[in-house]
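Participant: Supplied in structure tokens, the structure appears directly below.
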Amino acid sequence: MSALLSIRGLGKRFLSRGTIVRAMENVSLDVQEGEFVTIVGPSGCGKSTLLNILVGLYPPSGGEIRFEGKPIRGLNPEIGYVTQQDNLLPWRTLRKNVLLPIEFRGGDGGGAEERVRALIRKVGLAGFDNHYPHELSGGMRQRANIIRTLAYNPRVILMDEPFGPLDAQTRLTLQNQLLDLWSEERKTIIFITHDLTEAITLADRVVVMTGRPGTIKSVTPIAIPRPRDVYHIHHSEAYREVYDKLWEELRAEVARIM
Ligand SMILES: Nc1ncnc2c1ncn2[C@@H]1O[C@H](COP(=O)(O)OP(=O)(O)O)[C@@H](O)[C@H]1O
Ligand SMILES: [Mg+2]
425 MSALLSIRGL GKRFLSRGTI VRAMENVSLD VQEGEFVTIV GPSGCGKSTL LNILVGLYPP
485 SGGEIRFEGK PIRGLNPEIG YVTQQDNLLP WRTLRKNVLL PIEFRGGDGG GAEERVRALI
545 RKVGLAGFDN HYPHELSGGM RQRANIIRTL AYNPRVILMD EPFGPLDAQT RLTLQNQLLD
605 LWSEERKTII FITHDLTEAI TLADRVVVMT GRPGTIKSVT PIAIPRPRDV YHIHHSEAYR
665 EVYDKLWEEL RAEVARIM
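Below, the structure is given as structure tokens:
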């Protein structure tokens, strides 16, 4: 099967205050349609840079990205991006915020309102449709942020530490909801996190990156059966085994840059 998204030899150098920073080097990865891939790696190893390039915010210094076998350059409307900052517009209600990307794309002939309503319900935000962002908790805003990207139906969704600022309980709830949404919608997801447990809980495969210049150190399939219980997964033997292996790999990289 050919990959939906194929990343080949991707690298990025930045010129920063007169010196060249090699952020990321020789990153190659094939992602299949419907796959959930998570990425962990030490801070500053180019994880956000990788997503920024995939979504087309700036070009790579080298390498290539293919979508369904065709090289892509620049913005690709099939790829949605969920950032850590929710970027909700303060003067628009929750519902209007979720509708915004659909409006940008010229609407979809009428089904949008219904789809947005259903998504709002699915993530437990029914009744908050007409609330403004300042009336919502951090967890609610991040849910709105995620369904806003789901609403316009991109085939790939990139997520950059979307649950980073949330408390532990809220994170688990949102992980659970994300897994439900993913199993219904069958999106292809690339998800960055600094939380190894989160990376394992969500993923079909976990990618470990090295310290800067970031490159792929390992790719590990997670054989834990689905549906997964985000609240108890850490009790299972299969979980502990893969956690220990990945933690060793990650620890070595974090130690190397300290
Ligand atoms: N626009 C930029 N200009 C200059 N340097 C940058 C820019 N974006 C990122 N970098 C540098 O590239 C490296 C990787 O950054 P980033 O991708 O944000 O890492 P991560 O998300 O893994 O923590 C860092 O050293 C960072 O300072
Ligand atoms: Mg980052």
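Position in the sequence shown (first residue = 1) + 424 = our numbering.
Glycine included, C-beta positions come from ideal geometry on N, C-alpha and C.
Fair warning: this is a prediction, and the values are worked out from it, not measured in the lab.
Nearest by alpha-carbon distance to D653: which of I503, Q601 and A676 is it?
Facilitator: Q601
Participant: Mind reading off the beta-carbon distance from R636 to G468? Whole number of angstroms is fine, and I expect it under 8 Å.
Facilitator: 5 Å
Participant: Starting from the Cα of G487, find the closest Cα among N577, T639 and D619 and give me that residue.
Facilitator: T639
Participant: Which partner residues does K436 have in the DSSP bridge list?
Facilitator: M448
Participant: Could you spell out where the beta strand (DSSP E) holding R584 opens and where it closes?
Facilitator: With the sequence shown as reference, residue 584 is identified as Asp, and Arg is not the correct amino acid for it. It spans V580 to D584 - the beta strand (DSSP E) in which D584 sits, taken as one unbroken run.
Participant: Just to confirm before moving on: does the CB-CB distance between G504 and T573 stay below 8 Å?
Facilitator: yes
Participant: Enumerate, from N- to C-terminal direction, the unbroken beta strand (DSSP E) stretches of 3 or more residues contained entirely within the stretch 474 to 559.
Facilitator: 486 to 491 and 503 to 506
Participant: So is N476 buried or exposed if we call it buried at 16+ other beta carbons inside 10 Å?
Facilitator: buried
Participant: Among A676, L428, W671 and K436, which has the Cα closest to the Cα of G493?
Facilitator: L428
Participant: Just to confirm, is the Cβ distance from I544 to A536 under 8 Å?
Facilitator: no
Participant: Considering only C-alpha positions, which residue in the set G433, I646 and V461 is nearest to D668?
Facilitator: Minimum Cα distance to D668 is reached at I646.
Participant: Taking the CB atoms as reference points, tell me whether E575 and F460 lie closer together than 8 Å.
Facilitator: It is Ala, not Glu, that sits at residue 575 in the sequence shown. For A575 and F460, no; Cβs fall outside 8 Å.
Participant: By DSSP, does G423 sit in helix, in strand, or in coil?
Facilitator: Here the chain comprises residues numbered 425 to 682, so residue 423 is not present and cannot be evaluated.
Participant: May I ask which residues mark the beginning and end of the alpha helix (DSSP H) holding M564?
Facilitator: G562 to A575
Participant: In this structure, how does DSSP classify L605 when only helix, strand and coil are distinguished?
Facilitator: helix
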